[in-house]
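Asks: One structure coming up, written as structure tokens, with questions to follow.
Numbering (this note's numbering), first residue to last: 596 to 756.
Here it is as structure tokens:
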């Protein structure tokens, strides 16, 4: 994934390490908003939301993920508290397979980010964990039998999940 593109909007330009995509951007109450085709809502166009929408577009258009099997802002209950996974990918039978955590391009993908997604996985017990700030992307495959995980070179296609 070494293709760069630019999303240009008033007072901000970001370079992401993702294939080009078209985002529907508008203005509501003086603020930029972007259309989320997964949730079918307009949402604040923050740097993190730019990464989410661009990454989801990549999954759908380049990796064959059905948009109907993606949930954005998926609620999970963790230690009696409600939390939200940025994105969860489900298989054809409705079982969660992937959790994705997005950060703004300015945020370093640190151990803290991996700890956050690992906590969500205590609830969902998925096969893949992905973290992305739009520039760097990390994907790990969980192996629960051995208690280990493996960093992958690329994001798997939906058919490979």
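Note that the Cβ used here is the ideal one computed from N, Cα and C, for glycine as well. Quantities reported herein were computed from a predicted structural model and do not represent experimental measurements.
Which same chain residues end up closer than 7 Å to residue 677 when comparing Cβ atoms and leaving out the 5 residues on each side of it in sequence?
Replies: Along the chain shown, read from residue 1 onward, the residue named residue 677 stands at position 82. Take residue 677, set aside five residues on each side of it, and the residues of its chain with a beta-carbon closer than 7 Å to its own are 670, in chain order.
Asks: At what residues does the alpha helix (DSSP H) containing residue 658 begin and finish?
Replies: Your numbering for residue 658 matches position 63 in the chain shown. Unbroken alpha helix (DSSP H) run through residue 658: 642 to 658.
Asks: Between residue 659 and residue 752, how many whole angstroms is the CB-CB distance? I'm expecting something under 8 Å.
Replies: As a working mapping, residue 659 is identified with position 64 in the chain shown. As a working mapping, residue 752 is identified with position 157 in the chain shown. Sure, about 5 Å apart at Cβ, within 8 Å.
Asks: Are the beta-carbon atoms of residue 673 and residue 717 separated by less than 8 Å?
Replies: Residue numbering aside, residue 673 sits at position 78 when the chain shown is read from its first letter. Residue numbering aside, residue 717 sits at position 122 when the chain shown is read from its first letter. Yes; because the gap between Cβ atoms is below 8 Å, this pair is in contact.
Asks: With respect to the beta strand (DSSP E) encompassing residue 726, which residues constitute its N-terminal and C-terminal limits?
Replies: Here residue 726 refers to the residue found at position 131 when the chain shown is read from its first residue. In the DSSP assignment, residue 726 falls within the unbroken beta strand (DSSP E) covering 723 to 727.
Asks: Excluding the five sequence neighbours on either side, which residues of its own chain have a C-beta within less than 7 Å of the C-beta of residue 638, listed in chain order?
Replies: As a first step, residue 638 is located in the chain shown; it is residue number 43 there, counting from the start. Once the five neighbours on either side are set aside, the close Cβ partners of residue 638 are 628, 629, 631 and 644.
Asks: Do residue 632 and the ligand MN come close, with the Cβ less than 7 Å from some heavy atom?
Replies: Summarising the ligand content, the structure contains no ligands, and the ligand MN is consequently not present.
Asks: Could you say which of 686, 743, 653 and 727 lies nearest to residue 698 if we only look at CA atoms?
Replies: Indexing the chain shown from 1 puts residue 698 at position 103. Of the listed residues, the one whose Cα sits closest to residue 698 is 727.
Asks: Residue 679: buried (16+ other C-beta within 10 angstroms of its C-beta) or exposed?
Replies: As a working note, residue 679 is residue 84 in the chain shown. So residue 679 counts as exposed.
Asks: Looking only at its own chain, which residues have a Cβ that is under 7 Å from the Cβ of residue 626, when we skip the five neighbours before and after it?
Replies: Working through the chain shown from its first residue, we reach residue 626 at position 31. Excluding positions up to five away in sequence, the list reads 639.
Asks: Using the three-state DSSP reduction, which class does residue 735 fall into: helix, strand or coil?
Replies: Your numbering for residue 735 matches position 140 in the chain shown. The answer is strand: DSSP assigns residue 735 an E or B state.
Asks: Would you call the CB atoms of residue 719 and residue 735 closer than 8 Å?
Replies: Translated into positions along the chain shown, residue 719 becomes position 124. Translated into positions along the chain shown, residue 735 becomes position 140. Against a cut-off of 8 Å, the Cβ pair of residue 735 and residue 719 comes out as no contact.
Asks: Using the C-alpha atoms, what's the distance from residue 681 back to residue 711?
Replies: If you number the chain shown from 1, residue 711 lands on position 116. If you number the chain shown from 1, residue 681 lands on position 86. In this model, residue 711 and residue 681 are separated by some 11 Å (Cα to Cα).
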